[in-house]
Amino acid sequence: EGNIASLRALDSYLKEKLTTWLSPAALELHQITWDDPASLLEKIVFYEAVHPISNLIDLKRRLGVGRRCFGYFHSAIPREPLIFIEVALLKNIAETIQEVLWDNPPIAESEATCALFYSISSTQPGLAGINLGKFLIKRVITLVKIDMPHISVFATLSPIPGFMQWLLSKLASQSKLAKAEDISRSPADRSGLTFYENILEPEEERALIDSSGDLASGKSGMEIMLSLLTPTTHEWTNSDKLLSALKPPLMRLCARYLLQEKKRGKALDSVANFHLQNGAMVQRINWMADQSEKGLNQSAGIMVNYVYRPENIEEYAQLYFSKGHIHSSYDVKRYI
Numbered sequence: 001e002g003n004i005a006s007l008r009a010l011d012s013y014l015k016e017k018l019t020t021w022l023s024p025a026a027l028e029l030h031q032i033t034w035d036d037p038a039s040l041l042e043k044i045v046f047y048e049a050v051h052p053i054s055n056l057i058d059l060k061r062r063l064g065v066g067r068r069c070f071g072y073f074h075s076a077i078p079r080e081p082l083i084f085i086e087v088a089l090l091k092n093i094a095e096t097i098q099e100v101l102w103d104n105p106p107i108a109e110s111e112a113t114c115a116l117f118y119s120i121s122s123t124q125p126g127l128a129g130i131n132l133g134k135f136l137i138k139r140v141i142t143l144v145k146i147d148m149p150h151i152s153v154f155a156t157l158s159p160i161p162g163f164m165q166w167l168l169s170k171l172a173s174q175s176k177l178a179k180a181e182d183i184s185r186s187p188a189d190r191s192g193l194t195f196y197e198n199i200l201e202p203e204e205e206r207a208l209i210d211s212s213g214d215l216a217s218g219k220s221g222m223e224i225m226l227s228l229l230t231p232t233t234h235e236w237t238n239s240d241k242l243l244s245a246l247k248p249p250l251m252r253l254c255a256r257y258l259l260q261e262k263k264r265g266k267a268l269d270s271v272a273n274f275h276l277q278n279g280a281m282v283q284r285i286n287w288m289a290d291q292s293e294k295g296l297n298q299s300a301g302i303m304v305n306y307v308y309r310p311e312n313i314e315e316y317a318q319l320y321f322s323k324g325h326i327h328s329s330y331d332v333k334r335y336i
């Protein structure tokens with residue numbers, strides 16, 4: 001136990017020192033372009049953690065017209081980005097990652113009104129406890145406002161990495177609890193059980209049963225939903241009927257997950273917690289926004305827009321830090 005206490009003290013000391021050494025004043029903000037050395041561009045491809053860069057054409061597009069990539073560098077390791085962020089210049093806040101990564105051609109930069117942050121990647125695992133992302137986002141907002149005064153909206157298109165893990169665990173535990181406590185009761189009667197929570201609304205359950213055919217035989221709505229969402233083949237995405245039945249509960253439960261599910265008073269989702277502690281608000285959740293295997297596995301394809309309002313960043317960050325308060329739009333609140 002004495003060793004553990006000493007290690008914690010050392011960890012705290014090192015974190016304090018690193019935070020000082022890596023303060024914004026000690027870091028250089030550099031716009032990464034296609035003209036940068038190949039060794040640096042290779043690192044951008046290697047470290048991209050959110051949306052993998054598939055080839056040189058993909059990389060060139062992310063660094064080309066209507067796009068920006070900024071990184072923080074330190075003089076001690078000048079050719080190694082500590083963290084970098086990718087930005088799309090758009091007319092409106094994007095609803096899907098497909099339109100950000102693949103739509104051609106990009107709009108003229110003079111027509112853009114929105115700077116969309118769609119990927120932020122940290123390259124040094126040892127700096128995980130230091131929030132360089134907060135400083136990077138603020139610096140980029142300031143820089144974009146100066147260089148492009150016609151940009152008035154600063155938003156993200158972000159993954160929700162913990163949603164499916166939370167949802168599948170919830171569906172499994174509640175389905176098991178219902179069977180263990182009293183399998184003979186009707187869904188309405190089960191609501192009185194101590195720990196039981198039917199996370200589906202009655203109309204959502206009916207829609208799932210009606211659209212699931214043989215799969216629904218003798219199963220509750222939660223069991224059907226669990227059966228549909230668990231396989232990694234994601235066959236439900238190929239059925240208009242199932243997509244229609246799953247959309248209402250998935251969108252509602254995703255809003256609940258982002259706004260209400262907490263850990264130590266803060267958002268349970270790691271990406272949500274990152275942006276909220278930086279002073280963002282939850283603006284919109286988007287259906288089928290990331291249809292990649294990773295997107296479907298993490299969040300059933302749902303993505304979220306966070307918005308940074310420069311005039312409210314400090315206020316929102318302080319309220320989240322002190323009270324765990326999450327600012328959100330009516331568009332998100334209406335789901336719950």
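Going by the UniProt record's numbering, the sequence shown opens with residue 1, and the numbers climb by one from there. Ideal Cβ positions, reconstructed from N, Cα and C, are used throughout, including at glycine.
Asked: Residue 71 in three-state terms, based on DSSP; Found: strand
Asked: Through-space distance from residue 285 to residue 45, alpha-carbon basis; Found: 28 Å
Asked: Entirely enclosed beta strand (DSSP E) segments - the region 67-117, minimum 3 residues; Found: 67-74 and 83-90
Asked: Element boundaries [alpha helix (DSSP H), containing residue 297]; Found: 293-299
Asked: Cβ neighbours of residue 30 in the same chain (closer than 6 Å, five flanking residues each side left out); Found: 71 and 73
Asked: Distance, residue 327 Cα to residue 333 Cα; Found: 10 Å
Asked: Where residue 319 falls: helix, strand or coil (DSSP); Found: helix
Asked: Residue 242 versus residue 235 - alpha carbon distance; Found: 9 Å
Asked: Endpoints, the beta strand (DSSP E) within which residue 275 is located; Found: It is not in any beta strand (DSSP E) - residue 275 instead sits in the alpha helix (DSSP H) that spans 270-277.
Asked: Nearest-angstrom beta carbon gap, residue 112 and residue 82 [assumed within contact, 8 Å]; Found: Not confirmed; about 27 Å, so no contact.
Asked: For residue 299 and residue 159, believed in contact at Cβ under 8 Å, the rounded distance; Found: 6 Å
Asked: Reduced DSSP secondary structure (H/G/I, E/B, other) of residue 244; Found: helix
Asked: Inter-stretch contact at 8 Å, needing at least 3 Cβ pairs: the region 288-304 / the region 212-225; Found: no
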